[in-house]
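Enquirer: Residue numbers for the sequence shown follow this note's numbering, so the first one is 29 and each next one is one higher.
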Amino acid sequence: MGIAKILIVDDRLENLLTLESLLDAPDIDPIRATSGIEALGLTLDHDFALVLLDVQMPGMDGYEVAELMRGNKKTKHIPIIFITADFRGEAQVFKGYESGAVDYLFKPLDEMVFQGKVGVFIELFRQREALHQKTRELDRKLVELEEVQQQLEETNERLRLLSTTDGLTGLLNKRQFDAIFDEEWMRSVRNKSPLSLLTLDIDDFKSYNDTYGHMAGDDCLKKVAFTLSEVARRYADKVARVGGEEFTVLLPDTEVEGAQYVAEMLREAIFELAIPHVGSRIADCVTTSIGVSTLIPGREDAKRALLEAADVGLYRAKEKGRNRWCYEATDSLRPSCTAALFFPERGDE
Ligand SMILES: [Mg+2]
C-alpha cells in the first residue's frame, strides 16, 4: 500500500507542526504550504489524498483556495477539510460547503475526532487508488484480449484460405471446387437452369518447365490463373486450379452459347499474354486447350457426365491441334446442341 500524501495549509508554523504531529504515521506523508498560492502550486505537482486547509490566511484565504481547486480538473475531486479557530455560525459553515469543503474541524483540534476523520479520507483515497489500479489492469487485459482475438481471427482466415485455395495461384483448390460444384449442381436442379463447365490446360506445359525451369513455370501458371479469373469474372463464375497446369471454370446459369463464348475469350486472353514458349508445338507463345460442356442438371449421374464431357472436349481440342476449345455434348443433351459453333476459326464443337 502506498503512502498517502496530505497537503496541510496554514499561515502559522506552530499550526503546521501540530498537524504534522497528529499525522505522524508511516503511511502518511504530510506536505506543508504556508499560503494559498503555495498550496495551489503543490496540488498541481502531487496527488493528494486530502487537503487540510486553514480558513484564515493573509492574501488568499481558505475559501478562495477551495474555489480555485474546484475549478481545476486535476484538483476538483480532492477532498478538503477546513480548519478554523473561528466559529461564526452556520452561514460560514455553509459558505465552506459551497466552495467545496467536505468537512470542518475547529481549533483546538480534538485528536480523536481529527484522526477519525482523516482516517476515513485516507481509506477512501486508498479504495479509489485500488479501483483505478484495477481499472487500468482490466483495460490492459481487455487490450490483450482484443489482440489475441484479432490474431485468432487472422489465423482462422489464413487456415480457411489455405484449406480452400491453391497456394500458388490463389484460385480455388480442387476440394473447394468440388464442394462448390455440388452446391451449384443442386441450385441448377432446383432452378432448372443450365450449368456449364470448362476444363482447361496449358499446351505443352511440360516442355515449358523443361525449357524455362520450374520458377518460370510457376510464374506462367500465376499469369494464366489471373487471366482466367479476370475473364470469368461474374460473381457466380468459379475458377479453380485442379491439377499442375489444369484449371476448371464453372459457369452457372450459362447456356452452351455462353460457355463457348467464355471459352473463346479465355483462349484468346491467354494467347494474347504472349508468354514466350519455344518448346510449344503449335505456337511461339503459351496457349491453352479447353473442353466445354453444358447441361441442365437432372439426374445425379449426369453430374459425372458433365465432368466427363468437358474432359472429352479437352482431349479432342488437344487432338485437333491445341490452342482451341472443343464443345462436347453430354449424352443427355446430344444431339440438340452439337450444332453450336461460334468461333470456327479457333473453336470446334
Ligand atoms: Mg491562519
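Note that the Cβ used here is the ideal one computed from N, Cα and C, for glycine as well.
1) Answer with buried or exposed for Ile-111, where buried requires no fewer than 16 other C-beta atoms within 10 angstroms of its C-beta.
2) Quick one: what's got a C-beta closer than 6 Å to Val-277's C-beta in the same chain, skipping five residues either side?
3) Out of Arg-309, Met-88 and Ser-216, which one is the CA nearest neighbour of Gly-64?
4) Label Pro-136 either buried or exposed according to how many other C-beta atoms from any shown protein chain fall within 10 Å of its C-beta, with 16 as the threshold for buried.
5) Confirm the yes/no value for this check: CB of Val-83, any heavy atom of ligand 1, distance under 8 Å.
6) For Asp-38, count the other beta carbons within 10 Å of its own beta carbon; 16 or more makes it buried, fewer makes it exposed. Which is it?
7) Is the beta carbon of Gly-319 less than 9 Å from the beta carbon of Tyr-343?
8) Would a C-beta distance cut-off of 9 Å place Ala-67 and Ile-150 closer than the cut-off?
9) Is the beta carbon of Ile-34 closer than 9 Å to that of Val-146?
10) Cutting at 7 Å between CB atoms, please list the residues of its own chain near Leu-196, excluding the five before and the five after it.
11) Could you pull the start and end residues of the alpha helix (DSSP H) that Leu-45 belongs to?
12) Could you work out which residue in Tyr-91, Ser-216 and Met-243 is closest to Glu-126 when comparing CA atoms only?
13) At a cut-off of 8 Å, would you count Arg-40 as near ligand 3, judging by its Cβ distance to the nearest heavy atom?
14) What residue range does the alpha helix (DSSP H) around Ile-208 cover?
Expert: The relevant details are as follows:
1) Numbered from 1 along the sequence shown, position 83 holds the residue referred to as residue 111. Only buried fits Ile-111, as 16 or more other CB atoms lie within 10 angstroms of its CB.
2) Within the sequence shown, the letter at position 249 stands for residue 277. Same-chain partners within the cutoff: Leu-226, Ala-260 and Val-267.
3) Position 36 of the sequence shown, counted from the first residue, corresponds to residue 64. Taking only the C-alpha atoms, the option nearest Gly-64 is Met-88.
4) Along the sequence shown, read from residue 1 onward, the residue named residue 136 stands at position 108. Looking at its Cβ environment, which holds fewer than 16 other Cβ atoms inside 10 Å, Pro-136 is exposed.
5) Within the sequence shown, numbered from 1, the residue matching residue 83 stands at position 55. Checking the Cβ of Val-83 against ligand 1 gives yes.
6) Reading the sequence shown from its first residue, position 10 is the one you call residue 38. When all chains shown are included, Asp-38 counts as buried.
7) The residue given as residue 319 occupies position 291 in the sequence shown. The residue given as residue 343 occupies position 315 in the sequence shown. In contact: Gly-319 and Tyr-343 (Cβ atoms closer than 9 Å).
8) Locating residue 67 in the sequence shown gives position 39, counting from the first residue. Locating residue 150 in the sequence shown gives position 122, counting from the first residue. No, the pair does not count as a contact, with Cβ atoms beyond the cut-off.
9) The residue labelled residue 146 in the question sits at position 118 within the sequence shown. The residue labelled residue 34 in the question sits at position 6 within the sequence shown. The Cβ-Cβ distance between Val-146 and Ile-34 falls below 9 Å.
10) Counting from one through the sequence shown, the residue named residue 196 turns up at place 168. If we look at Leu-196 and ignore the five residues flanking it on each side, its Cβ neighbours are Asp-246, Leu-249 and Lys-250.
11) What you label residue 45 is simply residue 17 of the sequence shown in a count that begins at 1. Per DSSP, Leu-45 belongs to the alpha helix (DSSP H) from 41-50.
12) For the purposes of this step, residue 126 is identified with residue 98 of the sequence shown, where counting begins at 1. Selected option, being the one with the closest Cα: Tyr-91.
13) As far as ligands go, the structure on display features ligand 1 and does not contain ligand 3.
14) Locating residue 208 in the sequence shown gives position 180, counting from the first residue. Start and end: 202-219.
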